[in-house]
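Let me begin by presenting the structure, written as structure tokens, before commenting on it.
There are 2 protein chains.
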Amino acid sequence: MDLEIRPATPEDVPAIVDMLADDPLGARRESPGDLTPYLAALKRVTADPNQRLVVVVRDGHVVGTLQLTLIPGLSHRGATRSIIEAVRIHADERGSGLGTRLIEWAIDESRRQDCRLVQLTSDNTRTDAHRFYERLGFTASHVGFKLKL
Amino acid sequence: MDLEIRPATPEDVPAIVDMLADDPLGARRESPGDLTPYLAALKRVTADPNQRLVVVVRDGHVVGTLQLTLIPGLSHRGATRSIIEAVRIHADERGSGLGTRLIEWAIDESRRQDCRLVQLTSDNTRTDAHRFYERLGFTASHVGFKLKL
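If you read the sequences in order, they're chains A and B. Under my numbering, think of the first position of the first sequence as 1, with each following residue one higher. Under my numbering, think of the first position of the second sequence as 150, with each following residue one higher.
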């Protein structure tokens, strides 16, 4: 596979938002018709050196995205951990191994940044995703709590 | 209760590490006898404007700690979310309502920073903590996956 994984730019935002919206959960909460809040958010992400918002590009097309956040902290003897959020693969590309490549990139980048733990949460309803993460070596050791404000 | 919640300083590190270690899970992974890695980690935390590592002080004693991380992102229409990590209450103070005060501080601070979501993960074995977070309005909607590096 001839894939490039690189930082997201403003030109990638329409493709990223389309992927965020093309999802049973995302369809209810995204607004692909108005990109203004997404472009403002990309500025906040890009300004933070502990964020890595990346896209996967194949043949000039954005076919996947992921956000990795580095979180320094005191626990685990002062370990930095990373958190994976907003993993999306274009509908036409699912099952092609692209998700694995993207998560492996996130794990490799976490190692390069001396993280000792990679973590993520996945909605209880995404059972396919749960099997996917377990195959990649993750352990379902925690309950993920959310509070909407 | 006459409590102060304020940013952690290097002088607070011994008390924070004692609380991290005084825990069934923390006892196996912390080293209170050597504070060097914790002091280095505090520098990384303090240098990152999206981190809030706080302590709760009562009568001059550190009796609790919590880390709040702000994560800008594109999903949920460009929402910033916050993540709560490393919540610890001194053994002598548990059941006193201090944990509630600390989480409420984190929720209030998340609102002040325009977050639309507060999230956290809790080890599957910490069932008392799960009830505590549900009482505070959190929903156990996700599975939390971890990968040690």
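Think of the CB as a built atom: it goes at the ideal place given N, C-alpha and C, for glycine as much as any other residue. For clarity, every value in this text was computed on a predicted model and none was experimentally measured.
Query                                                                                                                                                          : Result
Starting from Pro186 of chain B and walking both ways along the alpha helix (DSSP H), at which residues does that stretch end?                                 : Thr185 to Ala196
Indicate whether at least one CB of chain B lies closer than 7 Å to the CB of Leu149 of chain A.                                                               : yes
Round the Cβ separation of Ile165 of chain B and Thr214 of chain B to the nearest angstrom and send it over; I've been treating them as touching at under 8 Å. : 5 Å
Beta-carbon of Val54 of chain A versus every beta-carbon of chain B: anything under 7 Å?                                                                       : no
Of the choices B:His279, B:Lys297, B:Lys295 and B:Leu298, whose alpha-carbon is the least far from that of Lys146 of chain A?                                  : B:His279
Interface residues of chain B around Pro37 of chain A at Cβ under 7 Å?                                                                                         : Arg226 and Gly227
So, Ser224 of chain B versus Ala86 of chain A, is the Cβ gap smaller than 7 Å?                                                                                 : yes
Counting only runs that start and end within the segment 35-117 of chain A, where is the alpha helix (DSSP H) found for 4 or more residues in a row?           : 36-47, 75-78 and 98-112
Quick check on Glu4 of chain A: does DSSP put it in helix, strand or coil?                                                                                     : strand
Interface residues of chain B around Gln67 of chain A at Cβ under 7 Å?                                                                                         : Gly222
Let me check understanding here. Comparing Cα to Cα, which of A:Thr80, A:Glu134 and A:Arg52 lies closest to Asp114 of chain A?                                 : A:Thr80
Considering only their Cβ atoms, is the gap separating Val211 of chain B from Val203 of chain B smaller than 7 Å?                                              : no
Along the segment 117-136 of chain A, where does the CB come closer than 7 Å to a CB of chain B? Name the residues.                                            : Leu117, Val118, Gln119, Leu120, Thr121, Ser122, Asp123, Asn124, His130 and Tyr133
For Arg261 of chain B, is the classification buried or exposed, using 16 other Cβ atoms within 10 angstroms of its Cβ as the cut-off for buried?               : exposed
Cβ atoms of Leu98 of chain A and Ile84 of chain A: under 7 Å apart, would you say?                                                                             : no
If distances are taken between C-alpha atoms only, which option among B:Leu169, B:Ser245, B:Pro163 and B:Gly293 comes closest to Thr125 of chain A?            : B:Gly293
How would you list, in chain order, the residues of chain A whose beta-carbon sits under 8 Å from the beta-carbon of Thr288 of chain B?                        : Phe145, Lys146 and Leu147
Let me see if you follow: with CB-CB separation under 7 Å, is Ala91 of chain A close to chain D or not?                                                        : In summary, chain D is missing from the structure at hand, where the protein chains are A and B.
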